[in-house]
Structure formats: structure tokens, C-alpha cells
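Visitor: Per this note's numbering, the very first residue in the sequence shown carries number 35; after that it's consecutive.
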Amino acid sequence: MANQLPNGGFQGGPEDPKLLTKHKNHISNEIWTRVSDSSGEDEGKDPEAEEIDSEDELSLKSDSSGEDEGKDPEAEESDTLEDEYLSSGDDEGKDASAASESAEVENDSSGEDEGEDLKAEESDSSEDEVSPRNTIGNVPLEWYKDEEHIGYDRDGKKIKKKARKDMLDAFLASTDDSKNWRKLYDEYNDEEIDLTKDEIKIIRQLLRGKTPHLEVNPYEPYVDWFTWDGKGHPLSNAPEPKRRFIPSKWEHKKVVEYIRKIRKGLIKFEKKKEELRFYMIWDNESAPTEKASQRLSHIQAPKQNLPGHDESYNPSMEYIPTQEEINSYQLMYEEDRPKFIPRRYERYRVIPAHEKLLREFFDRCLDLYLCPRSRKKRINIDPESLKPKLPSPKDLKPYPVTCFLEYRGHSSFVLSISMEASGQWIASGSSDRTVRVWEVATGRCFRVWEFDVPVQHVAWNPRPELPILAVVMGQEVLVLNLGLGTAEEQEKVKELLHVEAHSVPDDNGENQSVVSWSQHDKHDGIKLKHFKTVSLVAWQCKGDYFTTVVPSGDSRAIMLHQLSKKQTHIPIRKLHGLPVSAIFHPSRPTFFIATKRVVLVYDLKKIRLLKKLQTGLREISSLAIHPGGDNLIIGSREGKLCWFDLDLSSQAYKTLKNHSKDILNVAFHRSYPLFTSCSDDCTAQVFHGMVYSDLNQNPLIVPLKVLQGHKSVDGRGVMDCKFHPKQPWLFTAGADSVIRLYCD
Numbered sequence: 035m036a037n038q039l040p041n042g043g044f045q046g047g048p049e050d051p052k053l054l055t056k057h058k059n060h061i062s063n064e065i066w067t068r069v070s071d072s073s074g075e076d077e078g079k080d081p082e083a084e085e086i087d088s089e090d091e092l093s094l095k096s097d098s099s100g101e102d103e104g105k106d107p108e109a110e111e112s113d114t115l116e117d118e119y120l121s122s123g124d125d126e127g128k129d130a131s132a133a134s135e136s137a138e139v140e141n142d143s144s145g146e147d148e149g150e151d152l153k154a155e156e157s158d159s160s161e162d163e164v165s166p167r168n169t170i171g172n173v174p175l176e177w178y179k180d181e182e183h184i185g186y187d188r189d190g191k192k193i194k195k196k197a198r199k200d201m202l203d204a205f206l207a208s209t210d211d212s213k214n215w216r217k218l219y220d221e222y223n224d225e226e227i228d229l230t231k232d233e234i235k236i237i238r239q240l241l242r243g244k245t246p247h248l249e250v251n252p253y254e255p256y257v258d259w260f261t262w263d264g265k266g267h268p269l270s271n272a273p274e275p276k277r278r279f280i281p282s283k284w285e286h287k288k289v290v291e292y293i294r295k296i297r298k299g300l301i302k303f304e305k306k307k308e309e310l311r312f313y314m315i316w317d318n319e320s321a322p323t324e325k326a327s328q329r330l331s332h333i334q335a336p337k338q339n340l341p342g343h344d345e346s347y348n349p350s351m352e353y354i355p356t357q358e359e360i361n362s363y364q365l366m367y368e369e370d371r372p373k374f375i376p377r378r379y380e381r382y383r384v385i386p387a388h389e390k391l392l393r394e395f396f397d398r399c400l401d402l403y404l405c406p407r408s409r410k411k412r413i414n415i416d417p418e419s420l421k422p423k424l425p426s427p428k429d430l431k432p433y434p435v436t437c438f439l440e441y442r443g444h445s446s447f448v449l450s451i452s453m454e455a456s457g458q459w460i461a462s463g464s465s466d467r468t469v470r471v472w473e474v475a476t477g478r479c480f481r482v483w484e485f486d487v488p489v490q491h492v493a494w495n496p497r498p499e500l501p502i503l504a505v506v507m508g509q510e511v512l513v514l515n516l517g518l519g520t521a522e523e524q525e526k527v528k529e530l531l532h533v534e535a536h537s538v539p540d541d542n543g544e545n546q547s548v549v550s551w552s553q554h555d556k557h558d559g560i561k562l563k564h565f566k567t568v569s570l571v572a573w574q575c576k577g578d579y580f581t582t583v584v585p586s587g588d589s590r591a592i593m594l595h596q597l598s599k600k601q602t603h604i605p606i607r608k609l610h611g612l613p614v615s616a617i618f619h620p621s622r623p624t625f626f627i628a629t630k631r632v633v634l635v636y637d638l639k640k641i642r643l644l645k646k647l648q649t650g651l652r653e654i655s656s657l658a659i660h661p662g663g664d665n666l667i668i669g670s671r672e673g674k675l676c677w678f679d680l681d682l683s684s685q686a687y688k689t690l691k692n693h694s695k696d697i698l699n700v701a702f703h704r705s706y707p708l709f710t711s712c713s714d715d716c717t718a719q720v721f722h723g724m725v726y727s728d729l730n731q732n733p734l735i736v737p738l739k740v741l742q743g744h745k746s747v748d749g750r751g752v753m754d755c756k757f758h759p760k761q762p763w764l765f766t767a768g769a770d771s772v773i774r775l776y777c778d
């Protein structure tokens, strides 16, 4: 019979798996080595004869093991777990332990066969039934390694450590006692334990890979519980297919796919979390452990504002309103009316109760209840560290700083200005119906041309040997001879500007003329008559082609004119939106058209759309291209300036909100890394815009100077701005009919 434990289980039986696990964890590595050495010599001998031979042999090995004092950390932990498992305070456990002790004594004294006494066979070590004396609980013994005790008993008294044997005493004990190799040291209870013969037999069986108990036959005859008589044939008598014996290639491919994903990191396995060695002693172990992020944190309600001087029961006289002021409160809107009217009381006890006190407390509690609150983590970051590291403006000189010269002569808005290629002359067009040419160095007005309608735009030919000016006036574009240059240049200009009266038909072959080229009667030049109002004219870098923008022209909104052949072309007929501006690429046959929302980039050779730039602006007002041709700036009616890197993306690289009103024009400098923008807020702002030859390095944009000086007239400010072609100078044209020159 197996011994019944206090908790209702059995131990010592042939089919008790807990006993097998207990014995395997209980024996130290050293004992396993000893038993395996002794059991590996003669397997065919009688078990009792093997025990007698092995005792003499292992007694010699125990001499060398005395240095370790029979101590192993794994054995100590297993002893602790075993003692906790077998510990019980019931009377039944005590009776069972007493019976097992008597059985062991009878077994040792008899020395006969195994089947002679049943109690001796089923008995366990006497140590297993003895409840542990150490009552400190589940506490690591390493905490007491430097102390003289190993814990406390139930009365709170210290359990002293027993004197341990030194190496010499252990050696003498091993020579005197032939059974010393069976002894183990229980560190938890601080005592030695003797292994019985049954435990040695179980260990030997485990070492040989056999069933621990000799009584169990692992090769019992097979019992076929199913009756086959009269059942007929199975469902299918077909032979096993060949694919059952050949590895599946699809499974192999799937395994290879998983291996590649694991190596690339696409499939990740959860790492086992390390258990904490330390824990809260007073923590509630039954409660589930929640993460700190899942716990509801207490958020303190905001405190009510303290009353001010006017809410005092005895405020100063300056806080008390008069009766007229109180009557005027009734005429105000309810949201503008003061919530509290201060009053004055001589004594504290005469103050009446607040009429809306309970209502205010109720509203406050209701707000706190209904308002969802969340804790916001405040990050301590220095605001200066968030600013981009930009160079100092002093290191980026030269750039225009002060107003050096003013050009006065117009009587109304100066709508447009244009610089001559050499930088000696500047032309201006005004709403006073005049075009003036100024000498830059002296400010002298060289010549004045008067017209019948206001001048909207002027553009100087980019070639120095062709001193001609394109002037936009309503539906007409006048290519004007300015009379500058040498005699040879004048002859060339007159020959270029000579034209016979004719009209250029539409590309569809219609009789209706698109643009009529004719000689101007009053002034020396060519007149191009359009069918609708023209807003802008721009020259190509070689000076032969120029474009005009007709905002309401639909399919004929953008036109290209060739001055040498006196011809007009309509390259692009479909535009999604009204055109605002158009410019040529400085070196390539690329054409830029700005509508109110987007910028379209066309190839003039193949007449196809290359790119569409999404600005995200409400309305585009102006457009300028960098001399390198890879960067673009766009001004808008909402005061925003966008920088586009054509090689980088179709989205804006930088968007600057630098003006409070509409931006009317933007411009790049030809040689210096400068660009500017002018606005109706009467300012012109200068920026440093460095474009690097290394494509991996982004452009550097630094604000430099805000130029002021123009006056606002009818809500209009600076109408146009242009850089000097050679010097870091800036010309601005204002609504106050003044042209200003800003120098470095």
C-alpha cells in the first residue's frame, strides 16, 4: 500500500509521477554521478549484490567529494520544494511518517529480498514525512548566508546553523563510514539526509533510461479493444499514394519563405519577460497586475480663481460703479455685460447671501463631471533648441539695407519697373499713362512716353545690344525703341522693329485674327493688338521670343510671339484655371505657367506637360525662377511665399508667411544669392537663398532685412521690385508714385 499524504494524495506507489519528479529534483549532480559510475559496471548482477559492491566503490569516491560537503544549489532548491510539498500539520501525516520510519528500520535490519516485507518496499525516506523545521516561508536562504541562523521558528526564535564539517572531518567520515556516499545535506533545514536502497534503485533505473519502478512492465501485451469480426472491408482498399512518402515541395517553399522573413526581421517573436527578483511585500497578490498605462490616474480638478478687489465686501471707491454706469449695462449685449457688480457693505454680517451661489456650484460640478480630462505630459525643452541653426545676417553680406536714392516724376501708382541688362537704365510704367526711363546712377529721367491708357507692365529686352522695351497697355503690347545705344545698334533695332500691316490667323484656319502686328504711328515701335486685355509680358533669354498673358482668353490665354519673323503662336490651348503669370526657363526650352492654384511646367519642343506643382495657396499672384533654373519662388494673395525645388518634389520645399497683406511680386538676383518679395503692407523683404551644386544638400533660406519707406495709398503698398543685374541693389516701385533704390 502506498502511504497517504495529508493533502489526500499518495506517495511511494509504482504509478506515482510526483515521486519520480521529486526524487529526480532531490538528488544532487554529484550523487547522480556516483550512482551512474557504480551502476555502469555490472548490469547483469543481482540488485542487492550490486548495492553491496557499489557501496565499497562509492565510499572511495565520497572521500574526494567531501570538499564540496555534499552541497549542490539545485539539490538544495529541490529539497526546499520537497519539504514544502510534504509539510503538513495533520495527525494523519504524523502517523504515516511514523509507519514509514518503522518500515525503514525493519528493511535495514532484515537485509533480505525486496518482496519479504511490503512496508519496506513502499516506504520512503524518513526525511520526506518529517515536516520542515524551518518556518521562514518562501524566502531565499542566500539572505542568511552571512548570518549565524537560517530563519525563525513559529515562536519567532532564531534557528541556529549547525556546525559544518571541514574538509578533514569529511574525509575521515568517508573512510570510517562506508555509507557516507548516500548522505545529502539539506540546507533549508540544516541537516543531513540518508538515501534509502529503494531510492538508489530508482536512480539507477532513471540513469539507464528505464522505468523507475521494477514492478512496472513497460512492455505489456497490446489489447485490441475493437472487434473486427463481421465488419467487412474498410472505406478504401486503395494503396497508399507515393506522395505520402515524398516530402512536399510546397511545404519546403513555405518553410524557406518563413526563414527569409525571420532573417529579414519581418516575423518577430515575443521575448520572454524576465521575472523580477524583488517584489512588493505588502502588495495584493490576488489582484491582477495592471500596467501603469492602463491604470486610471487621478487628475485633480482645476482650482477656482480667487476673488479680486472688486469682489470684496468693502472694495475701494474706484471699483464701485455709479448709477449711470449700472444703467448703461442694460443697453449692452448679454455676453459683454459684466457678470458681477461690486457693492460696499460697512460690516461683514450685513452682507446678504449670494443669490446664484448654489447654481454656480452646481454648474461647476456639472462641468467637471461632463468635461473629459486627460493628463498631458509636459516636456521640458528649451525653446531656443527648436529654432533652426541659421547663420548670422552679418555673415551673409552684401545685401540691400538702406534707401540710397529716390526717383520721383510719376503722378500716380508705379505699377511696373524693369532693369536694362547692363544695369545703367531702369524703365517704369505707371497708371498716369506714362513710361519713363531713368538713369540709375544719377536719378535723372532720360525720356518720357505718354499714352492714352494706363501702363500695366513693362519688360526690357534681356540682350544689351537691343535697347527695346515691351509695354502692356490694355489690349495692346507696344515694342518700343528707346533710342539708346550706338548708331549700329539703332540701325539693327529699326530694322527689327519694321513691320508691314498684317494679321496672324488662328491655328484653326479661322478668319478671325488673334494678334495683329502693325507699325505704331506716334512712337517708333511695333504694336500688337490682342482680342482681350493683356496683363503681363515676359522675354525669353535670347531676346527673340516673348510671351503675353491674357487672363480671360480661354484657349488663347497664353501666346508666344517671335519678333524676328513677326509671328504669333498658341502652344497651349487647354488650361485648367485662369493664368496669372508666365516665364521662360533661363537656359532650357521649358515654359512655366502659373494659374491661381497650380504651376504648370511645359516642354516647348514637344508641347507636353512635364510637371504640375501643387502650391496649396488660395491664389497665386507672382512667379520668379532662379538663374540656375532648378528653383522657383511663388507669391500669393494671402501673404505667403513658397520655395519649390524642381529636382526635389512637386510640393513646396519651404512656405514662408512673411507679409501681413497680399504679395504683389517676387524676384531673384542674377548673380547674388538673394531674392525678395514686395507686398501691400508697404514693405519689401530680402532673403538669402543659397542653392548648392551638391544635389544632396537642400537650399539655405535665411531672412535678412525688412525694407520700409513707401507710403500706403488707397490700401496699396509696394507694387513691384527688381534687383540690379550686377550690384546687390534693390529697386522698389510704390503706390506713392516713388521708385526707391536700396543699397548695401
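Note that the Cβ used here is the ideal one computed from N, Cα and C, for glycine as well.
(1) Using 8 angstroms as the threshold, is the C-beta distance between Phe565 and Val571 below it?
(2) If you scan the segment 162-227 from start to end, which runs of the beta strand (DSSP E) of 3 or more residues do you find wholly inside it?
(3) So, helix, strand or coil for Ile236, using DSSP?
(4) Using the Cα positions of Glu103 and Pro246, report the straight-line distance between them to the nearest angstrom.
(5) Can you tell me whether His60 is buried or exposed? The criterion is at least 16 other CB atoms within 10 Å of its CB, across all chains shown.
(6) In the DSSP assignment, the beta strand (DSSP E) including Val487 goes from what residue to what residue?
(7) Excluding the five sequence neighbours on either side, which residues of its own chain have a C-beta within less than 7 angstroms of the C-beta of Gly662, listed in chain order?
(8) Gln779 by DSSP, collapsed to three states: which one?
(9) With respect to the alpha helix (DSSP H) encompassing Val527, which residues constitute its N-terminal and C-terminal limits?
(10) By the DSSP assignment, the beta strand (DSSP E) with Ser713 in it spans what residues?
(11) Out of Leu531, Lys411, Lys561 and Leu690, state which residue places its alpha-carbon closest to the alpha-carbon of Leu512.
(12) Using 8 angstroms for Cβ pairs, my map puts His693 next to Gly673. What's the rounded Cβ distance?
(13) DSSP three-state call for Pro693: helix, strand or coil?
(14) Do Asn515 and Asp558 have their C-beta atoms within less than 8 angstroms of each other?
(15) Check this for me: beta carbons of Asp696 and Ser450, under 8 angstroms apart or not?
(16) Curious, which full-length beta strand (DSSP E) runs of at least 3 residues does the segment 587-617 contain?
(17) Given a cut-off of 8 angstroms on the beta-carbon distance, is the pair Lys739 and Ser452 in contact?
(18) Looking only at its own chain, which residues have a Cβ that is under 6 angstroms from the Cβ of His758, when we skip the five neighbours before and after it?
(19) Are the beta-carbon atoms of Leu666 and Ile659 separated by less than 8 angstroms?
(20) Within 10 angstroms of the Cβ of Gln779, are there 16 or more other Cβ atoms? Answer buried if so, exposed if not.
(21) Is Ser346 helix, strand or coil by DSSP?
(22) How about Pro762 and Tyr433: do their beta carbons lie closer than 8 angstroms?
(23) Report the rounded CA-to-CA distance for Cys779 versus Phe312, giving the unit in angstroms.
(24) Could you pull the DSSP bridge partners for Gln648 from this structure?
(25) Taking only the alpha-carbon atoms, compute the straight-line gap between Ala521 and Leu500 and give it to the nearest angstrom.
(26) Please report the straight-line C-alpha distance between Leu503 and Pro422, rounded to a whole angstrom.
(27) According to the neighbour-count rule (16 or more other Cβ atoms, all chains shown, within 10 Å of its Cβ), is His744 buried or exposed?
(28) Check each candidate in Pro605, Lys599, Ser598 and Lys576 and name the one with the smallest Cα separation from Thr582.
(29) Check whether the Cβ of Phe625 sits closer than 7 angstroms to any heavy atom of the ligand ATP, and report yes or no.
(30) From Val435 to Val752, what distance separates their C-alpha atoms?
(31) Quick check on this structure: which residue in Lys194, Leu597 and Pro417 has the alpha carbon closest to the alpha carbon of His532?
(32) In whole angstroms, what separates the C-alpha of Lys217 from that of Ile234?
(33) According to DSSP, simplified to helix, strand and coil, what is Gln509?
Guide: Reading off the structure:
(1) Phe565 places its beta carbon 8 angstroms or farther from that of Val571.
(2) Within the segment 162-227, the beta strand (DSSP E) runs of at least 3 residues that lie entirely inside it are, in chain order, 183-186, 192-194 and 217-220.
(3) Ile236 falls in the helix class under three-state DSSP.
(4) Any answer about Glu103 is weak, because its pLDDT of 40 lies below 50 and its placement is not dependable; what the coordinates show is given next. Each residue's Cα considered, the two are about 28 angstroms apart.
(5) With a pLDDT of only 44 at His60, under the threshold of 50, the placement of this residue in the model should not be trusted; the figure read from the coordinates follows. Taking a 10 Å sphere around the C-beta of His60, we find 16 or more other C-beta atoms and assign the residue as buried.
(6) Element bounds for Val487: n/a, residue is neither H nor E.
(7) So the list reads Val725, once near-sequence residues are dropped.
(8) This structure cannot speak to residue 779, because the chain is shown only from 35 to 778.
(9) For Val527, the uninterrupted alpha helix (DSSP H) run begins and ends at Ala521 to Leu530, by DSSP.
(10) For Ser713, the enclosing beta strand (DSSP E) starts and ends at Leu708 to Ser713.
(11) Ranking Leu531, Lys411, Lys561 and Leu690 by Cα distance to Leu512 puts Lys561 first.
(12) Between Gly673 and His693 the Cβ distance is about 4 angstroms, and since that is below 8 angstroms, they are a contact.
(13) In the sequence as displayed, the identity of residue 693 is His instead of Pro. For His693, the secondary structure class from DSSP, reduced to helix, strand or coil, is coil.
(14) Their beta carbons are under 8 angstroms apart, which means Asn515 touches Asp558 by this criterion.
(15) Result no, Cβ atoms of Asp696 and Ser450 do not sit closer than 8 angstroms.
(16) You should have 592-596 and 601-603.
(17) No, they are not a contact pair.
(18) Leaving aside the five residues that flank His758 on each side, the residues in its chain whose CB is nearer than 6 angstroms to its CB run, in chain order, Gly457.
(19) Yes, these two residues count as a Cβ contact at 8 angstroms.
(20) No statement about residue 779 is possible, as the shown extent of the chain runs from 35 to 778 and does not include it.
(21) Three-state result, Ser346: coil.
(22) Cβ atoms of Pro762 and Tyr433: closer than 8 angstroms.
(23) Summary: the structure shown does not reach residue 779, with the chain confined to residues 35 through 778, and so no result is reported for it.
(24) Beta-bridge annotation (DSSP): Gln648 is paired with Val632 and Gln685.
(25) Cα-Cα distance, rounded: 12 angstroms.
(26) Roughly 44 angstroms separates the two Cα atoms.
(27) Residue burial is scored here from C-beta neighbours: His744 has at least 16 other C-beta atoms within 10 angstroms and is therefore classed as buried.
(28) Ranking Pro605, Lys599, Ser598 and Lys576 by CA distance to the CA of Thr582 puts Pro605 first.
(29) No copy of the ligand ATP occurs in the structure displayed, which carries no ligand at all.
(30) Each residue's Cα considered, the two are about 16 angstroms apart.
(31) Comparing Cα positions, the closest option is Leu597.
(32) So the two alpha carbons sit approximately 12 angstroms from each other.
(33) Coil.
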